[in-house]
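Heads up: the sequence lines are chains A and B, in that order.
Plus 7 on top of the position in the first sequence (first one is 1) and you've got the working numbering.
Plus 464 on top of the position in the second sequence (first one is 1) and you've got the working numbering.
Just so you know, even glycine gets a beta-carbon here, dropped at the ideal spot from N, CA and C.
Working notes for the structure below.
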Amino acid sequence: MTQQDLADRIGVTRQTVNAIELGKYSPSLEVAFRIAAVFGVGLDQVFQYEKPAR
Amino acid sequence: MSFREKSAWISLVLIAVFLGAYFWNVSLVLSGEMRQAAAMHWQLALVVGFVVLEIVLHVAIAIQSPRDARAPKDERERLISLKATHIAYFVLLGGTLLSLFAHWHLGWGAYATTQHVLLAVVAAELVKFASQIVFYRRGV
Chain A
8 MTQQDLADRI
18 GVTRQTVNAI
28 ELGKYSPSLE
38 VAFRIAAVFG
48 VGLDQVFQYE
58 KPAR
Chain B
465 MSFREKSAWI
475 SLVLIAVFLG
485 AYFWNVSLVL
495 SGEMRQAAAM
505 HWQLALVVGF
515 VVLEIVLHVA
525 IAIQSPRDAR
535 APKDERERLI
545 SLKATHIAYF
555 VLLGGTLLSL
565 FAHWHLGWGA
575 YATTQHVLLA
585 VVAAELVKFA
595 SQIVFYRRGV
């Protein structure tokens with residue numbers, strides 16, 4: 008699946024999908040759930056919390 | 465580069481060039497090196513040139529990526545827009561208050577005060593587009 012395909016299915020731009028992948032943008036819960044739903048997995052399988060480095 | 469980032473670059477560069485030249489012209493009037501009536505023609509030409517180029521270049525990037533141009537802003541783009549506008553607000557507020565202070569306490573005339581308030585508006589727009597570009601590049 009391309010970034011554009013995923014972007015179309017969750018209702019954001021391709022650049023936003025790219026920013027999420029690169030860790031430059033944390034999506035809203037709604038978009039996060041949509042991404043998980045597209046892949047048919049739970050939220051915790053797509054996103055993991057990383058403590059910011061001090 | 466997304467349609468909206470290209471749009472921010474276009475506006476940033478055009479404002480810097482055309483409205484920079486406009487305020488250079490205003491500074492010549494305020495320093496007495498040019499008459500206000502003569503400067504008006506240049507200022508009008510610069511503003512018209514700015515508007516025409518904004519339209520032409522935005523149409524050009526919309527033709528290049530029509531789908532992006534038609535699509536509404538997504539949540540990341542809305543957040544970037546809000547954050548950039550928040551920063552620009554302080555530039556506008558500060559510039560406007562300084563202009564009013566100068567008008568009442570330093571005796572600036574109507575022309576100088578008006579142009580400085582206009583400068584605050586333009587500076588705020590510059591900061592807004594520059595901030596948008598930084599957020600698009602570095603993340604938000």
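Chain-order list of residues whose beta-carbon lies under 8 angstroms from that of residue i (same chain, five-residue window excluded)
| i | result |
| --- | --- |
| Ala39(A) | Leu50, Val53 and Phe54 |
| His522(B) | Ser471 and Ile474 |
| Ile525(B) | Phe467, Lys470, Ser471, Ile474 and Ala533 |
Beta-carbon separation (whole angstroms), residue i vs residue j, contact threshold 8 angstroms
| i | j | result |
| --- | --- | --- |
| Val19(A) | Glu518(B) | Wrong, their Cβ atoms sit about 27 angstroms apart, outside the cutoff. |
| Val45(A) | Ile27(A) | With a Cβ gap of about 13 angstroms, Val45(A) and Ile27(A) do not count as contacting. |
| Ala588(B) | Ala552(B) | 4 angstroms |
| Ala566(B) | Thr577(B) | 7 angstroms |
| Lys503(B) | Asn489(B) | Checking the sequence shown, residue 503(B) turns out to be Ala, not Lys. Between Asn489(B) and Ala503(B) the Cβ distance is about 5 angstroms, and since that is below 8 angstroms, they are a contact. |
Of the listed residues the options, nearest to residue i (C-alpha basis)
| i | options | result |
| --- | --- | --- |
| Val516(B) | Ile479(B), Ala503(B), Leu557(B) and Phe467(B) | Ile479(B) |
| Ala533(B) | Val604(B), Ser466(B) and Arg601(B) | Ser466(B) |
| Ile597(B) | Ser545(B), Leu564(B) and Ala576(B) | Ser545(B) |
| Leu508(B) | Ala524(B), Glu541(B), Ala485(B) and Val591(B) | Ala485(B) |
| Gly558(B) | Leu582(B), Glu469(B), Gly573(B) and Ser491(B) | Leu582(B) |
| Gln528(B) | Arg468(B), Phe599(B) and Met504(B) | Arg468(B) |
| Leu590(B) | Ala524(B), Lys537(B), Trp506(B) and Thr549(B) | Thr549(B) |
| Lys537(B) | Leu29(A), Gln22(A) and Glu57(A) | Gln22(A) |
| Arg542(B) | Lys58(A), Ser35(A) and Gln10(A) | Ser35(A) |
| Val555(B) | Tyr575(B), Gly573(B) and Ser595(B) | Ser595(B) |
| Leu494(B) | Ala574(B), Arg601(B) and Arg602(B) | Ala574(B) |
Cβ-based neighbour list, residue i, same chain, cut-off 6 angstroms, excluding 5 preceding and 5 following
| i | result |
| --- | --- |
| Phe514(B) | Leu478 and Phe482 |
| Leu510(B) | Phe482, Ala485 and Tyr486 |
| Trp506(B) | Asn489 |
| Leu29(A) | none |
Beta-carbon proximity list for residue i, same chain, < 7 angstroms, skipping 5 on both sides
| i | result |
| --- | --- |
| Val24(A) | Gln10, Leu13 and Ala14 |
| Val604(B) | Arg540, Leu543, Ile544 and Lys547 |
| Leu476(B) | Leu590, Phe593, Ala594 and Ile597 |
| Val586(B) | Ile479 and Leu483 |
| Phe599(B) | Ile544, Lys547 and Ala548 |
- Task: Residues of the segment 507-540 of chain B with a CB closer than 8 angstroms to any CB of chain A: list them in chain order, please.
- Result: Asp532, Ala535, Asp538, Glu539 and Arg540
- Query: Which residues, taken in chain order from the segment 548-573 of chain B, show a beta carbon closer than 8 angstroms to some beta carbon of chain A?
  - Reply: none
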